[in-house]
Structure formats: structure tokens, C-alpha cells
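Number of protein chains: 2
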Amino acid sequence: MNNFTLHTPTRILFGEGQIAHLSNEIPVGSKVLITFGGGSVKKTGVMDQVYSALKDFDVQEFGGIEPNPSYETLMKAVEVVKAQKIDFLLAVGGGSVLDGTKFIAAAAFYGEEPWNILQTQGADIKQALPMGSVLTLPATGSESNNGAVITRRATGDKQAFRSPFVQPLFAVLDPVYTYTLPERQIANGVVDAFVHTIEQYLTYPVEAKVQDRFAEGLLLTLIEEGPKALKEPENYAVRANVMWSATMALNGLIGAGVPQDWATHMLGHELTAMHGIDHAQTLAIVLPSLMNIKREQKRGKLLQYADRVWGFNEGDEEQRIDLAITATREFFEAMGIPTRMQDYQLDGSSIPALLVKLEEKGLTQLGEHQDITLEVSRQIYEDAR
Amino acid sequence: MNNFTLHTPTRILFGEGQIAHLSNEIPVGSKVLITFGGGSVKKTGVMDQVYSALKDFDVQEFGGIEPNPSYETLMKAVEVVKAQKIDFLLAVGGGSVLDGTKFIAAAAFYGEEPWNILQTQGADIKQALPMGSVLTLPATGSESNNGAVITRRATGDKQAFRSPFVQPLFAVLDPVYTYTLPERQIANGVVDAFVHTIEQYLTYPVEAKVQDRFAEGLLLTLIEEGPKALKEPENYAVRANVMWSATMALNGLIGAGVPQDWATHMLGHELTAMHGIDHAQTLAIVLPSLMNIKREQKRGKLLQYADRVWGFNEGDEEQRIDLAITATREFFEAMGIPTRMQDYQLDGSSIPALLVKLEEKGLTQLGEHQDITLEVSRQIYEDAR
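Chains as they are written, first to last, in my numbering: chain W, 460 to 844; chain Z, 460 to 844.
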């Protein structure tokens, strides 16, 4: 096990009706800005419940935070925060609203050029508004970590930052809020959480037995519950297990003390940027191919994954690895997410351009061994056609 | 899954040499009181490392906190805190030092009669000194939760309290510090962590798949690593896995949203109080017997435990349950901890007196169904002879 520091201070209020306790989590007398996205939280009635829970607070709202939240939109919220002397932010929505609200929280106290928050990856944040969230879409884990990804529309830049100052104080997780989500968003969320787990698990063994078992537990749960979440949208237990898995997949716990990969995310991001494919879809395209191309370096963990997650423990090693990769692919397909570029009308002709983008960003040594060079990335993309 | 609130704010610094970062965790200028037990931390050199890490702080120390820390001893520390205007407590040791320090932290700000902290189970604590810890004995999980158990020697009372104000801010967990522990303490720690996990797992199913998988992961890890921890005291990876399992077993995570039992602990406590048997030893005596007597009510989870933890998934149900109970017993025995009263020179003649003690304390409806009456407790004790 590698050394690690782990801090998971976000208070979780999990379960049906937990929003009733929302007012206890926000300091009395706070001037609250509710941040949200396209307005589905108003249609579904979640926002009514939020207002009802906050009836004793001075509440304002800022809507319109996009998927892949933009600097341009968020800076408008920062103006509202300053003009209205807001002192608490409540994000109501999914990962994009969470990420955007983290940026608002930090930018409210930042100097002249808040884009520098991204340029410095959050390192020089000294203060932020306190924030919490009511989560409506389980996927990114942003509700209980301190990271965020922001896009600058003007330049097309998409950058990440993290800071302990933007760790949400609390997250209300009510599985019932997910009943009305479109099938595609649930599918994307399950695959996203699955790949988050894989990125922290499928590397090389460091005798971190608890972390391995926890990661395998999340994978097994997502495999069992993911397809059921599509078939039975109002099955509370299923939605609860998916929601809790997604939070646990990226709050720092399973990644503490182990190597991490994240190459699937990096290669996937370029597919989203160039072709507009959903984030989770790009992960479903890249991961099976990356497993195949990196089978030597990941052999130990691939065999453990084959055995403990899929039950493949007979036959020769190559066979077991092949079976595990196929099972992974079939799981994504069962979630309604195709796993080949061709399924998205891509013939692979953009691969050279994707590699140029990776090179421009200096992403030429990816993965837990930093050995996913541009050439290896090319092989992974080629194998994913 | 049941509704839950989960808050795990203690910052974990895990791994060899992490004590070097200790000074970053304590506010600059703090007047620190180091609390410790019998002095083994001085012999092993841990205390030298603590002093070295705190060279820029005004540091005092208070030693002599006993196993089963006593109110009488702790109140002397409270006098030191007040006289010396201490503003940070650093517990260096195991669960008893941690628990005792939590009491000191709360009592320092409490009114006339700090024993009331126990009488009210911590409910009226309004303030406490900030505290952190350097853990040297993995077992109780006290380093990252907000509970403590204190004994009043004058009356023989042993009582628990919990309060968010005594949640440690940080815990330094260096597996190397455990190399020099006596075999019996390691064995006790492994069994204690195992039974903590079981108390939150072996009840009835509520479709909490993540919590179940996490609990099973801890049990599997302790089963694999426990005996190795005895045979290879300086195997870093093994000690690290044991240490991390013990912390994860009782920080609230695996118990969130699931029923809990704790009857094994209650019946065990009386064996410690009456016969001076080590806490973990009493758990090893009670648990296999409780599993047997409660096999109907725990059937679903016993079968899951038999399958996922021990691999028993063939034969009829009674057989699988019997095998799982025997395997549990054999695991404890392999850790050098006998599982029958007779192994501790008890013939069962004290059982009526043990039941009187349970009755005096109102412990007549124990377990996740509150159906462990005095008569059931009698059966459990009888079966454990």
C-alpha cells in the first residue's frame, strides 16, 4: 500500500425525504444562492422541496448552468453573488452544476482574473464561499470531492481544478429524485461511476487489499444494479445502490494508497471535444480497448478483475483476460451504450487529429506507468474503431 | 437501504513516516498536551518522533491513561489542561488513550460534574478541545469516530458517550508502529475489528449492496492478513492492511444505512467486567454462539456470509451455516484466541450472575430485532461454555 492522505469531510444525508433536514446544514441567517441547470429540477418538483426546506432563509437562484459548465455562464453567477452579498451556495442538480458551483464559490473571492483558478489548477485558492448540494444525478462523485472541470467557451479550453476550499459541506442524496431521469443519463451515470472505479483499481497490485475489495464491491454492485436501474426506474433499492456507488467511486476512498490510471478519461475527453460524444460513451469506447492493449502491464490486476468481478478463474491467462474484457464490453452494451467508434459513425479517420490534440496538451505519457505514449494511444484508438 | 447521515471528517495520514507531517495538522502556536498510556510509546521511540515533529510547539505530556481509561485518571489530565491553558490534545497510543483523550477534550469545557458527560451519553457537550492522534494499536476505530467508553473506578461503572465535538481532526496511522506490539494485542485488534464489522453486517438484508460488499471486503482482508500479522510481525503490507481494516470497520461507513446488532459486545462486556477477560476474547467467546442461537433471524445474512466470505455455497442451508460458524471459530482460534468459556477456566456457573448484570442495566432487548431477551442471552452464554 502506498502512503496516502485521505479527507472525506462532506456530510452525507442519504435517503428518501432527507431534504427535510436541509435547513440544519446551512448557517442560520445565510443568504443562499441556489444554482441549477436547465430547469428540470423545477419540472420534477425537487426545487419546490428545496424552497420549502429553506423557507426561513433569504434565497435567490441562478439557473442555466450547462453540461460542461462554462466560465462565461459562471462569471455571471459570480456577479450575482457579489451584488447580492450571497454567503452560501446550494447546488441543485448533477455533476455539472456541482462543478460550476465550486468555481463560483472560489471565483467570488478571487482577484482580477478568475480563469487563473484553472490555470493554477486551484493551487492558489485561499478562500471560497461555503457550499452544499442536493444531488439529482448520480455519476461524477463531485458532491463529495473537491475537484471540478470548467470549460471556457471562447477558447474551447476545458480544464480541471481542485481545492479543499470547495469541498461541499454536505450532500443530500435522495434516490427518488433520480426516478424521472432520462434512461440515457442513468446509463451514462452507471458507466461513469464504473470507469471511475476502474481507473483507481485496474493498474498494478500494491497489496492494498481493502481498497481492492472496496473497488470490486462497487463494480459488482454497478454490474448487478445498472441494468435493473434501466428496467425498473422506480425501484428504490436499485437507485439507492447506484447512487451510493457513484458517490463512493470518487470521494477519494478507493483511490487512497493505490496507483491510478485515468488514461481512459484523457483519451475519452478528446472524443467528446472533437465529436461531441457523451463523456460516458467515450469511456465505454476507450476502456475495453485500453484493457486489451495494456494487458501485459495490467496482467495481475486484469486476472484479479476477471476472477473476483466476473468469476472467470479457469483456462489460461489470456483467455481469462479476453473473457473479462468481453464481459466489460457487454455490460456497457447492456446499459445501452455502444463500445465501438463505428457505433457513433466514426471510421477512425480522426485518430491522427485526436493524437495531435493529445500532443498539444502534453498528454504523451499517460497511465499508471506513464507509458501510454502517443503511439500507444494510437493503438488504443485504432483498436476501438 | 435505510436512510442515513454519514460524516467522516477525520483526516487520515496513512503510511510509514507520515508523522513528519504532524506539525501541519496542528494550528501554529498551539499549546499541545500529549496524552499516552503506560509508556510503551517511549520505549519504542514513537514519542521521540512525536517530539521531533512538534519541535516548534509548546508541548507538555500526560501519561498513565489505563486500558479501560478511568474517570479518576482523566480528571487529573483535565486539571493539567486548565492549569496549563492547553489548547490542543494529541493522543499517542491505542483506543484507550483515544477514548480517554476524547473525555478530557469535552470535560475541559464542561461544568461542575463531568461524569454527566457519560450520564447524558455526550448529548449536552457544547464544546471540546480540538484533538488528533498518532495511533499505535489498530483495533477500536476510535481514531476516526466520535465515540468513547470511560470507566469510573469508584463505582465500577463503564459508560459510553459520543459527540461530534470530540471527533479527532486527524489520525496518523503508521503501520511500522505496530511491529513491536505484543502478539496478544495484534490478535485482539484483529478479532475486535472483525467483530465490529460483523455487528454491522450480520443482521438481516436491506438491499444495501455497497455496505455489504465493503463489510465482506474487510472480513476477507482480516481473515487473510490476521494470521500473517502474527507470523510476520514486520511485514509492512500485512500490518498496513490490518490497520486500515480496523479504521474502516468503525468509522461509520459500513454501518451507514443498515441495521446493527451489537449484542455480542453487550454480552462480552459483562464477561470482561466479571472475569477480567480481554474485550476481544469475550467477543470470540460470544459471537459463534450468538450466530448459532440466532440462526433463524440471521439466516439470509448467514448464508450470504457463508458464501461470500468463506466460499460455502453447496449443501443444505443448515450445513452452510454450521460451516460458516465453525470457520469463524477456527479463525479466532488461529489468531490464538480461544472461543469457549472453558478455555478461560469458566464452567458457566457465573451465567446467572451475568444475566443479573444485564438485567440491572436494562439490557433485556438486544440485537437488531431487540429480541435477544435475557432468556436468549442465557442460551447464548450456555452455548458458549
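All C-beta atoms in this analysis are idealised placements derived from N, C-alpha and C, irrespective of residue type, glycine included.
Range of the contiguous beta strand (DSSP E) that encloses residue i
{"i": "D517 of chain Z", "result": "517-521"}
{"i": "K617 of chain W", "result": "616-621"}
{"i": "H466 of chain Z", "result": "463-473"}
{"i": "V701 of chain W", "result": "Segment 695-708 is the alpha helix (DSSP H) holding V701 of chain W; no beta strand (DSSP E) there."}
{"i": "L443 of chain Z", "result": "No answer is possible for residue 443 of chain Z: it lies beyond the span of chain Z, which begins at 460 and ends at 844."}
{"i": "I493 of chain W", "result": "490-494"}
Span of the alpha helix (DSSP H) around residue i
{"i": "V654 of chain W", "result": "642-658"}
{"i": "I682 of chain Z", "result": "668-690"}
{"i": "F791 of chain Z", "result": "776-793"}
{"i": "T741 of chain Z", "result": "738-752"}
{"i": "D507 of chain W", "result": "505-512"}
{"i": "S836 of chain W", "result": "833-842"}
{"i": "P486 of chain W", "result": "Careful: P486 of chain W lies outside any alpha helix (DSSP H) and carries neither H nor E."}
{"i": "Y764 of chain W", "result": "758-767"}
{"i": "I478 of chain W", "result": "Per DSSP, I478 of chain W belongs to no alpha helix (DSSP H) and is neither H nor E."}
{"i": "E729 of chain Z", "result": "722-734"}
{"i": "P811 of chain Z", "result": "810-819"}
{"i": "V500 of chain W", "result": "499-502"}
Backbone CA spacing between residue i and residue j [nearest angstrom]
{"i": "Q829 of chain W", "j": "K757 of chain W", "result": "13 Å"}
{"i": "Q740 of chain W", "j": "R788 of chain W", "result": "12 Å"}
{"i": "Q689 of chain Z", "j": "V500 of chain Z", "result": "In the sequence on display, residue 689 of chain Z carries Leu and not Gln. Taking the straight line from one Cα to the other gives about 20 Å."}
{"i": "S592 of chain W", "j": "I796 of chain Z", "result": "47 Å"}
{"i": "G615 of chain W", "j": "Q670 of chain Z", "result": "41 Å"}
{"i": "N461 of chain Z", "j": "V701 of chain W", "result": "14 Å"}
{"i": "G714 of chain Z", "j": "V537 of chain W", "result": "39 Å"}
{"i": "D633 of chain Z", "j": "A699 of chain Z", "result": "8 Å"}
{"i": "T599 of chain Z", "j": "A674 of chain Z", "result": "16 Å"}
{"i": "A564 of chain Z", "j": "L588 of chain Z", "result": "5 Å"}
{"i": "L678 of chain Z", "j": "K617 of chain W", "result": "42 Å"}
{"i": "I607 of chain Z", "j": "V665 of chain Z", "result": "Looking at the sequence provided, one finds Ala at residue 607 of chain Z rather than Ile. About 28 Å."}
{"i": "A765 of chain Z", "j": "F771 of chain Z", "result": "5 Å"}
{"i": "L557 of chain W", "j": "I609 of chain W", "result": "11 Å"}
{"i": "L749 of chain W", "j": "V505 of chain Z", "result": "45 Å"}
{"i": "L465 of chain Z", "j": "K502 of chain W", "result": "29 Å"}
{"i": "I831 of chain Z", "j": "R754 of chain Z", "result": "12 Å"}
{"i": "R844 of chain Z", "j": "S809 of chain Z", "result": "11 Å"}
{"i": "F653 of chain W", "j": "D781 of chain W", "result": "19 Å"}
{"i": "E658 of chain W", "j": "M800 of chain W", "result": "21 Å"}
{"i": "A722 of chain W", "j": "Q543 of chain W", "result": "42 Å"}
Whole-Å CB distance - residue i paired with residue j, under 8 Å assumed
{"i": "L472 of chain Z", "j": "L513 of chain Z", "result": "Contact flag wrong, Cβ pair sits at about 14 Å."}
{"i": "S555 of chain Z", "j": "N527 of chain Z", "result": "7 Å"}
{"i": "L817 of chain Z", "j": "L833 of chain Z", "result": "6 Å"}
{"i": "S489 of chain Z", "j": "F547 of chain Z", "result": "4 Å"}
{"i": "V649 of chain W", "j": "G685 of chain W", "result": "4 Å"}
{"i": "T662 of chain W", "j": "D720 of chain W", "result": "5 Å"}
{"i": "E475 of chain Z", "j": "F629 of chain Z", "result": "At roughly 17 Å, the Cβ-Cβ gap does not stay under 8 Å, so E475 of chain Z and F629 of chain Z are not in contact."}
Within-7 Å CB hit, residue i to chain Z
{"i": "F673 of chain W", "result": "yes"}
{"i": "K585 of chain W", "result": "no"}
{"i": "T662 of chain W", "result": "no"}
{"i": "S704 of chain W", "result": "yes"}
{"i": "A696 of chain W", "result": "yes"}
{"i": "L472 of chain W", "result": "yes"}
{"i": "A512 of chain W", "result": "no"}
{"i": "A699 of chain W", "result": "yes"}
{"i": "M460 of chain W", "result": "yes"}
{"i": "G770 of chain W", "result": "no"}
{"i": "G714 of chain W", "result": "no"}
Below-7 Å beta-carbon distance, residue i vs any chain W residue
{"i": "F547 of chain Z", "result": "no"}
{"i": "H466 of chain Z", "result": "yes"}
{"i": "K668 of chain Z", "result": "yes"}
{"i": "L557 of chain Z", "result": "no"}
{"i": "F790 of chain Z", "result": "no"}
{"i": "N710 of chain Z", "result": "no"}
{"i": "T680 of chain Z", "result": "yes"}
{"i": "F624 of chain Z", "result": "no"}
{"i": "F463 of chain Z", "result": "yes"}
{"i": "G600 of chain Z", "result": "no"}
Residue i CB to nearest heavy atom of the ligand ATP below 6 Å
{"i": "G504 of chain Z", "result": "This structure lacks the ligand ATP; in fact it carries no ligand of any kind."}
Proximal chain B residues relative to residue i, where beta-carbon distance stays under 7 Å
{"i": "M794 of chain Z", "result": "Absent from the structure: chain B. Protein chains present are W and Z."}
So within the region 523-605 of chain W, which uninterrupted beta strand (DSSP E) runs reach at least 3 residues, ignoring any that extend past its ends? 547-552, 590-594
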